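When we follow the working numbering, the leftmost residue of the sequence shown carries the number 621, and every step to the right adds one. From the three backbone atoms N, C-alpha and C, an ideal C-beta is built for every residue, glycine too. What you are looking at is a predicted structure, and each value in this text was computed from that prediction instead of being measured.
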Amino acid sequence: MLTVTPALDWEWATRTGGNLTAAQRRALTFGLLRRTAPSLVLGRIRHGLGRRGAGRLDLAELRLPDTALARAAEVEAREQLSDYLLAHSYRTYFFARALAELDKVDFDDEVGYVASLLHDLKLETPTPGRCFAVVGGESANEFALRHGAPAERAESIGAAIAAHINPDVAANLSDPGGFVSAGASVDVLGRRLSDLDAAFVGDLLARHPRHHLKQNLIDCFEAEAAAVPDGRIHWLKGTGFLQLIKLAPFAD
Numbered sequence: 621m622l623t624v625t626p627a628l629d630w631e632w633a634t635r636t637g638g639n640l641t642a643a644q645r646r647a648l649t650f651g652l653l654r655r656t657a658p659s660l661v662l663g664r665i666r667h668g669l670g671r672r673g674a675g676r677l678d679l680a681e682l683r684l685p686d687t688a689l690a691r692a693a694e695v696e697a698r699e700q701l702s703d704y705l706l707a708h709s710y711r712t713y714f715f716a717r718a719l720a721e722l723d724k725v726d727f728d729d730e731v732g733y734v735a736s737l738l739h740d741l742k743l744e745t746p747t748p749g750r751c752f753a754v755v756g757g758e759s760a761n762e763f764a765l766r767h768g769a770p771a772e773r774a775e776s777i778g779a780a781i782a783a784h785i786n787p788d789v790a791a792n793l794s795d796p797g798g799f800v801s802a803g804a805s806v807d808v809l810g811r812r813l814s815d816l817d818a819a820f821v822g823d824l825l826a827r828h829p830r831h832h833l834k835q836n837l838i839d840c841f842e843a844e845a846a847a848v849p850d851g852r853i854h855w856l857k858g859t860g861f862l863q864l865i866k867l868a869p870f871a872d
């Protein structure tokens, strides 16, 4: 799923727990410097200049996935997530859907919705030596199977969650992992925020407030990096990821 290191897929995630080799860390750093960082910088410049795109959703009229699995995921998210993560998970879906519609790409709405709602299930409870996104993906896969999803769709949800912190995956919104990553990247880093209509963003933040997202996420990522020293969050921390969260163009 990741352009420079295609081995960072579901099989890799479940086999290794999301622990990186030295070669994988070098490849990730190369990809970050070559593609991800320049696009983030350009987006920040556009946003700073007041240039906003047309990406938007009519939140009052929008129809959410209404399958049994989607409804079960809503209940699971409300029961398991803290207020700030629940709101972040909803914003992840809405941001991703707005970008996907803006880019005119096909996406699996049910898989994207369920994966967005459940992508941070394990963020607040780090597992020593095993990445939160992998543990969360495994939990979501099992959750989907319990609620009657075919094995292939359940795996697609789990794989999307495991992959969403791969730096390059957000470039492909038709991929469930890219869908979740793109939406989360808007909310966490402000990536592609300049492609979205300002009134839509304001409406979304009013409906799903941030609840001091920046500091809460930084605290979680610090704990994750300490618990999984060979994981992607520990690597991202070394690239200045936590500082980028602080600098995201949101108040909190």
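Task: Given leucine 867 as reference, the closest of Leu701, Ile665 and Ala782 once Cα atoms are compared - done: Cα-wise, what sits closest to leucine 867 is Ile665.
Open item on the list: Rounded to whole angstroms, what is the Cα-Cα separation between leucine 701 and glutamate 844?
Closed with: Near 17 angstroms, if we compare the C-alpha coordinates of glutamate 844 and leucine 701.
TODO: Throw me the rounded Cβ distance for the aspartate 807 and arginine 683 pair, which I believe falls under 8 angstroms.
DONE: Incorrect: roughly 22 angstroms between the Cβ atoms, too far for contact.
Task: Integer Cβ distance of glycine 675 from aspartate 815, believed to fall under 8 angstroms - done: Contact flag correct, Cβ pair sits at about 5 angstroms.
TODO: Please state if the CB of serine 801 and the CB of alanine 783 are separated by a distance shorter than 9 angstroms.
DONE: Yes, Cβ-Cβ distance for alanine 783 and serine 801 is below 9 angstroms.
Open item on the list: Check whether the segment 677-693 and the segment 787-797 touch, using three or more Cβ-Cβ pairs below 8 angstroms as the test.
Closed with: No, they do not touch.
Open item on the list: Taking the alpha-carbon of tyrosine 880 as reference, which of Ala774, Leu737 and Ala647 has the nearest alpha-carbon?
Closed with: Only positions 621 to 872 of the chain appear in this structure, which leaves residue 880 out of reach.
Task: Assigned secondary structure, glycine 675 (DSSP; H/G/I helix, E/B strand, else coil) - done: Strand.
Open item on the list: Are the CB atoms of isoleucine 777 and valine 734 within a distance shorter than 9 angstroms?
Closed with: Inclusion of valine 734 and isoleucine 777 in the CB contact set at 9 angstroms is warranted, their separation being smaller than that value.
Task: Which of helix, strand or coil DSSP assigns to arginine 827 - done: Arginine 827 falls in the helix class under three-state DSSP.
Task: Beta-carbon proximity list for phenylalanine 820, same chain, < 6 angstroms, skipping 5 on both sides - done: The answer, listed in chain order, is Arg676.
Open item on the list: Quick check on DSSP: helix, strand or coil for arginine 683?
Closed with: Three-state DSSP puts arginine 683 in coil, outside helix and strand.
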